[in-house]
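Visitor: In our numbering, the protein residues as written are 1249 to 1601.
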Amino acid sequence: LAMRKNAWEQDKRPLSYYDTKKCIPSLKKQRPSLRLVHSQVLQNVTERVELAYQGFFRKLKAGETPGHPRFKSHGRYDSMTFTQAPGGCGIGPDGKLVVAKVGHIKMVLHRPLPQACTPKTATLTRSSTGKWYVCIVVETEPKRLAKLDKSVGIDVGLKTFATLSDGQEIENPHFFRKEQKALAKVQRRLSREVKGTKERRKRRKLVARVHERIAFKRQNFSHQHSRKVVNEFGTIFVEDLRVNRMVLNHRLAKSISDAAWSGFFEMVSCKAAEAGRIFLPVNPAYTSQTCSNSKCGYRRVGEEKLSLSERTFDCPKCHLHLDRDLNAARNVLAVGLHSVGLSQQAPAFTPGE
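(1) For VAL1297 and GLU1480, I'd like the C-alpha separation in whole angstroms.
(2) Can you check whether the CB of LYS1307 is closer than 8 Å to the CB of PRO1317?
(3) Would you check if the distance between the CB atom of THR1377 and the CB atom of LYS1465 is smaller than 8 Å?
(4) Looking at ILE1339 and VAL1347, is the spacing between their C-beta atoms short of 8 Å?
(5) Can you tell me the Cα-Cα spacing of THR1538 and TYR1546, whole angstroms?
(6) Could you check what DSSP says for GLY1550 in three-state terms: helix, strand or coil?
(7) Quick check on the burial criterion: 16 or more other C-beta atoms within 10 angstroms. Buried or exposed for PRO1599?
(8) May I have the straight-line CA-CA distance separating PRO1341 from ALA1333, to the nearest angstrom?
(9) What is the DSSP secondary structure of GLY1343, reduced to helix, strand or coil?
(10) For the alpha helix (DSSP H) holding LYS1368, just list the boundary residues, first then last.
(11) Among the residues of its own chain, which have a CB less than 6 Å from the CB of THR1388, if the five just before and after it don't count?
(12) Counting beta carbon pairs with one atom in the segment 1522–1533 and one in the segment 1389–1397, are three or more of them shorter than 8 Å?
(13) Could you name the residues that DSSP lists as bridge partners for VAL1477?
(14) Three-state secondary structure (DSSP) at GLY1584?
(15) Can you tell me whether ASP1506 is buried or exposed? The criterion is at least 16 other CB atoms within 10 Å of its CB, across all chains shown.
(16) Can you round the beta-carbon distance between ALA1603 and THR1411 to whole angstroms, since I take them to be within the 8 Å contact cut?
(17) Would LEU1284 pass as a contact of LYS1349 if the rule is Cβ separation under 8 Å?
(18) Within this structure, are the beta carbons of PHE1330 and VAL1356 separated by less than 8 Å?
(19) In the DSSP assignment, the alpha helix (DSSP H) including TYR1381 goes from what residue to what residue?
(20) Are there 16 or more other CB atoms within 10 angstroms of the CB of ALA1508, so buried, or fewer, so exposed?
(21) Could you round the C-beta distance between GLU1487 and PRO1529 to whole angstroms and report it? I think they count as a contact, below 8 Å.
(22) Just to confirm before moving on: does the CB-CB distance between ARG1252 and LEU1263 stay below 8 Å?
(23) Please confirm whether THR1560 and LEU1570 have their CB atoms less than 8 Å apart.
(24) Look at the Cβ atom of GLY1401, then the Cβ atom of PHE1485, and state whether they are nearer than 8 Å.
(25) Roughly how many angstroms separate the alpha carbons of VAL1495 and GLU1427, rounded to a whole number?
(26) For a minimum of 4 consecutive residues, which ranges assigned as the alpha helix (DSSP H) are wholly contained in the segment 1454–1541?
(27) Comparing alpha-carbon positions, which option in ARG1374, HIS1471, LYS1398 and ARG1425 lies nearest ARG1324?
(28) Helix, strand or coil for PHE1561? Go by DSSP, reduced to three states.
(29) Could you tell me the boundaries of the alpha helix (DSSP H) in which GLY1303 lies?
(30) Looking at ILE1418: is its Cβ nearer than 8 Å to the Cβ of HIS1471?
(31) Taking the straight line between their C-alpha atoms, what separation do you get for ALA1533 and VAL1434?
(32) Just tell me which of SER1413, LYS1395, LEU1396 and ASP1397 has its CA closest to the CA of ASP1403.
(33) Taking Cβ to Cβ, would you say ILE1384 is nearer than 8 Å to PRO1367?
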């Protein structure tokens, strides 16, 4: 990073990814400690710098004012990548992790590598609580599930995490709110410690453990329910939400962030792609305000528009009485089926919607 900055500031010439990569042998002579690091890891560092500069120039061209790529201190550099696994990092016959120039490391294997797979990269990552993880990327054939004709629309919310168009409901676990007292307690203790002291570092790790516990629970919840949805349905439609805009509402921002809909949708999308299912986000506009009766399609607008506190949808035209979220889920399903050509009927939209 320093070489690229100096080359531009002093000589007004840019250094490319390959120029910096060629300098690694000379840097090893200047700093013998670099010989203790595997060559793949050193080459990956130049690749990370290149990606940082690509993002920097892309934002400049878009008219933004990004910050220049910065140095990372020893305490903030938390990962290293072996680009040619298992050449530098792999799993040995004894079940231990074999890392070049480090040795054999005991580990808890989350799941064995698929048979007849080709390892590509391995990344070792240190978490904020001091735990180490290794992620090995492999090339393998995906396991397809049996074909299903069942389709489902999913409406997400705050009272109920998700409502399926067939009437199933997934309760909202509120993981962050349940841990708020524990988090506030450790944060108060952290605020009393002097910056830079050993005690403050200990308190910071306690705060990180609470956040890690919340993240683990939320991740496990999303994995379990996304797997159930993919196993049960062949075509899955969800709301194409702009969560980054929704959290601008200061009254609902904490609840929306706690629900983590985007993470759930991402897991459903990945599992659906591997299983050979159809996953499609659809336009969520007016799905809560439109009657899901295919022969009606009445939309509540103006003074009739449902507020967030009203949990049932009552249609004044066809007298449909239905839970608000279930009505929206059925509309999501109807819009999705119409978009893929499986149905000719969809909620009424005016031109441009």
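Ideal Cβ positions, reconstructed from N, Cα and C, are used throughout, including at glycine.
Guide: In terms of the structure at hand:
(1) For VAL1297 and GLU1480, the distance between alpha carbons rounds to 44 Å.
(2) no
(3) no
(4) no
(5) Rounded to the nearest angstrom, the two C-alpha atoms are 6 Å apart.
(6) helix
(7) Note on PRO1599: pLDDT 49, under 50, position unreliable in the model; the coordinate value appears next. Answer is exposed; the Cβ neighbour count stays below 16.
(8) 15 Å
(9) In the displayed model, GLY1343 falls within coil according to three-state DSSP, outside both helix and strand.
(10) In this chain, LYS1368 is not harboured by any alpha helix (DSSP H); it is covered by the beta strand (DSSP E) spanning 1366–1374.
(11) PRO1362 and CYS1365
(12) yes
(13) Per DSSP, none; premise fails for VAL1477.
(14) helix
(15) buried
(16) Here the chain has residues from 1249 to 1601 only, and residue 1603 is not among them.
(17) yes
(18) The beta carbons of PHE1330 and VAL1356 sit no closer together than 8 Å.
(19) TYR1381 -> not in any alpha helix (DSSP H); beta strand (DSSP E) instead, spanning 1380–1387.
(20) buried
(21) Contact flag correct, Cβ pair sits at about 7 Å.
(22) yes
(23) yes
(24) yes
(25) 20 Å
(26) 1491–1494, 1501–1507 and 1509–1523
(27) Looking at the Cα atoms, ARG1374 is the closest of the given residues.
(28) strand
(29) Annotation for GLY1303: the continuous alpha helix (DSSP H) segment containing it runs 1287–1309.
(30) no
(31) 42 Å
(32) ASP1403 has its Cα closest to that of SER1413, out of SER1413, LYS1395, LEU1396 and ASP1397.
(33) It is a contact, given that the beta carbons lie within the stated cut-off.
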